[in-house]
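Asks: In this note's numbering, the protein residues as written are 3 to 484. Right, I'll just put the structure down here and ask away after.
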């Protein structure tokens, strides 16, 4: 195991500062990241936390050892929209006893969950250590792991929750330091629950832990009647089930700070009587598309699947590793403008890196210390990528043989989740570019023709112009320049 006690610092939303990372148990480093609600295909904004925390997962495994890191990323399959779809599609089977509620919900969510797994794998992300589903943690479990009903019962017993009009609500006034993560005053809080809350709350900020279900709605049996859980209690139960009452890192998008993560903290701390839920809270920044907030009404709402498999963005499909690099080129805490230009820049950069890495000797290389050092400074991917570009230039200058720079580059790319096979040449794309260039030459548009030639050269493709010996027409051949 590496000497992981040195150098790793992470920005902690809870303290608003970079904190040195000191694991509770170096032999069991524990991280929880909020996963998708599998009602529809994951959009490109959902891809950012998956990629960011995949890099952190890889770094932690490098520092502490693969078997000493537990990464939990949940599947949220409890949601009113999902429940309504299950009732609509399988209501008769549920009523007749042919399907349980969990089975019906699983059928509704299986397609989107499967697509999510395919999408994030194409983005180069490792599978988490554990991927619990919310529906499996509603009622008390045979294995004794934490569950939502038991946590709610404990909150009521300790005076942190109350029953009103058949619902169970968390009493925010019972927690003197509620709001530490978002730095909001209690008077400013809103309910922030996905399930509607009626006007029977003690305080404006009180939020739903358990919501009753009508006879026509899906639900689970509980001490408060047949119902379903609120949003926030799900992650409190699943994180405790696999990581314990207090763990090392909790991550997610910036939009989850309030209300979701704030309320997770309140539930977990009050249920367990702990000072913290997680020692470090990390949040990635917002994502815009071509300078605008992503929204279906603006027509700029893209799923990961669409970007990978259709020509809806920039008129072409995009490889998963290009999407991955484009996400990581901006520091994870900063807002990112997801654009065609950024993807093209990522693609060209990746081509150069791969051409250089292809010169590596067959011997297993060692990961460069500079890459680990950069990532250990709050995942400073930009600094790491600067070093990769330097290594690529050194490798291309050195050429074949004992190319240490290429070997180091190849190791770093593999570590960061990029395919390090031989650089691939898209012959169809090259032929299309050459044909376009010949059209431009015929039109005497020399500047644009030169731009295409230079772009291809930057990708390692060198053009050679000549004449057909029979017709005398201009012809262009090409070769990959190593």
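Note that beta-carbon positions come from the ideal geometry of N, C-alpha and C, so glycine has one too.
To which residues of the same chain is residue 2 closer than 7 Å at the C-beta, ignoring the five residues directly before and after it?
Replies: Nothing can be reported for residue 2, as the shown portion of the chain is limited to 3 through 484.
Asks: Rounded to the nearest angstrom, what separates residue 480 and residue 320 at their Cα positions?
Replies: Their Cα atoms are separated by approximately 24 Å.
Asks: Using 10 angstroms around the beta-carbon of residue 334, count the other beta-carbons present and answer buried if the total reaches 16, otherwise exposed.
Replies: Residue 334 is buried by the Cβ-count criterion.
Asks: What alpha helix (DSSP H) runs, 4 residues minimum, are completely inside the stretch 246-274?
Replies: Complete alpha helix (DSSP H) runs here, min 4: 264-274.
Asks: Can you check the stretch 15-99 for any alpha helix (DSSP H) of at least 4 residues that lies completely inside it and give the ranges in chain order?
Replies: Complete alpha helix (DSSP H) runs here, min 4: 46-66, 82-98.
Asks: Whose C-beta lies closer than 6 Å to the C-beta of residue 347 among residues of the same chain, with five residues either side of it excluded?
Replies: Cβ neighbours of residue 347 beyond the five flanking positions: none.
Asks: To the nearest angstrom, report how far apart residue 281 and residue 271 are at their CA atoms.
Replies: If you take the alpha carbons of residue 281 and residue 271, they lie about 12 Å apart.
Asks: How big is the Cα-Cα spacing for residue 124 and residue 325?
Replies: One C-alpha to the other measures close to 10 Å.
Asks: Which residue or residues does DSSP assign as beta-bridge partners of residue 164?
Replies: For residue 164, which the question treats as bridged, DSSP gives the partners 171.
Asks: Should residue 50 and residue 286 be called a contact, given that it needs their Cβ atoms to be closer than 8 Å?
Replies: Yes, the pair counts as a contact, with Cβ atoms nearer than the cut-off.
Asks: Is the beta carbon of residue 31 sitting closer than 8 Å to the one on residue 66?
Replies: Yes, the Cβ-Cβ distance between residue 31 and residue 66 is below 8 Å.
Asks: Just the C-alpha distance for residue 486 and residue 289, rounded to the nearest angstrom, thanks.
Replies: No answer is possible for residue 486: it lies beyond the span of the chain, which begins at 3 and ends at 484.
Asks: By a C-beta neighbour count over all protein chains shown, 10 Å radius and 16 as the cutoff for buried, is residue 261 buried or exposed?
Replies: Residue 261 comes out buried.
Asks: I'd like to know if the stretch 369-386 and the stretch 407-427 are in contact, where contact means that at least 3 CB-CB pairs between them fall below 8 Å.
Replies: Yes: at least three Cβ pairs fall under 8 Å.
Asks: Using a Cβ-Cβ cutoff of less than 7 Å, which residues in the same chain neighbour residue 251 once the five nearest sequence positions on both sides are dropped?
Replies: The answer, listed in chain order, is 33, 280, 282, 284.
Asks: Residue 214 lies in the beta strand (DSSP E); which residues open and close that run?
Replies: 209-214 is the span of the beta strand (DSSP E), which, as asked, contains residue 214.
Asks: Give me the residue from 48, 64, 342, 300 with the minimum Cα distance to residue 369.
Replies: Ranking 48, 64, 342, 300 by Cα distance to residue 369 puts 64 first.
Asks: So what's residue 193 in DSSP terms, helix, strand or just coil?
Replies: Confidence at residue 193 is low in this model, with a pLDDT of 43, below 50, so its placement is unreliable and no value can be given for it.
Asks: Among 171, 431, 411, which one has its Cα closest to the Cα of residue 423?
Replies: Nearest of 171, 431, 411 to residue 423, Cα basis: 411.
Asks: Along the chain, where does the beta strand (DSSP E) that runs through residue 440 open and close?
Replies: That residue, residue 440, is in no beta strand (DSSP E); its alpha helix (DSSP H) goes 429-444.
Asks: Our contact map puts residue 216 next to residue 292 with C-beta atoms below 8 Å; I'd like the distance itself, whole angstroms only.
Replies: Going by Cβ atoms, the distance from residue 216 to residue 292 rounds to 44 Å, so no, they are not a contact pair.
Asks: Identify whether residue 356 lies in helix, strand or coil by the three-state DSSP scheme.
Replies: In this structure, residue 356 counts as helix in the three-state DSSP scheme.
Asks: Could you please give the first and the last residue of the uninterrupted alpha helix (DSSP H) stretch that includes residue 414?
Replies: Unbroken alpha helix (DSSP H) run through residue 414: 406-417.
Asks: From residue 255 to residue 78, what distance separates their C-alpha atoms?
Replies: Roughly 15 Å between the two C-alpha positions.
Asks: Taking the Cβ atom as the reference point for each residue, do residue 220 and residue 330 lie within a distance shorter than 8 Å?
Replies: Result no, Cβ atoms of residue 220 and residue 330 do not sit closer than 8 Å.
Asks: Mind listing, in chain order, the continuous beta strand (DSSP E) runs of no fewer than 3 residues lying wholly within the stretch 281-363?
Replies: Runs of the beta strand (DSSP E) inside the stretch 281-363: 289-291, 338-340.
Asks: In terms of alpha-carbon separation, which member of 464, 463, 478 lies closest to residue 470?
Replies: When only C-alpha atoms are compared, the closest one is 478.
Asks: Let's see if you can read the secondary structure: which residues bound the alpha helix (DSSP H) around residue 120?
Replies: Residues 103-124.
Asks: Can at least three beta-carbon pairs, one atom from the stretch 300-319 and one from the stretch 40-60, be found at a separation below 8 Å?
Replies: Because the criterion of three Cβ pairs below 8 Å is met, the stretch 300-319 and the stretch 40-60 touch.
Asks: What's the gap between the Cα of residue 474 and the Cα of residue 444?
Replies: Using only the alpha carbons, I get a separation of about 14 Å.
Asks: For residue 27, is the classification buried or exposed, using 16 other Cβ atoms within 10 angstroms of its Cβ as the cut-off for buried?
Replies: Exposed is the call here.
Asks: Leaving aside the five residues before and after residue 195 along the sequence, list all residues of the same chain whose C-beta is less than 7 Å from its C-beta, in chain order.
Replies: With a pLDDT of 44 at residue 195, under the threshold of 50, the predicted position of this residue should be treated as unreliable, and no value is reported.
Asks: Helix, strand or coil, according to DSSP, for residue 3 in the structure here?
Replies: For residue 3, the predicted structure reports a pLDDT of 41, less than 50, and the residue's modelled location is therefore unreliable. A value from the coordinates is still provided. Residue 3 falls in the coil class under three-state DSSP.
Asks: Do residue 361 and residue 408 come within 8 Å of each other at the CB atom, strictly closer than that value?
Replies: Against a cut-off of 8 Å, the Cβ pair of residue 361 and residue 408 comes out as a contact.
Asks: Would you mind working out which of 302, 466, 97 sits nearest residue 339, comparing C-alpha positions?
Replies: Among 302, 466, 97, the Cα nearest to that of residue 339 belongs to 302.
Asks: Work out the CA separation of residue 327 and residue 141 for me, nearest whole Å.
Replies: Going from the Cα of residue 141 to the Cα of residue 327 covers about 41 Å.
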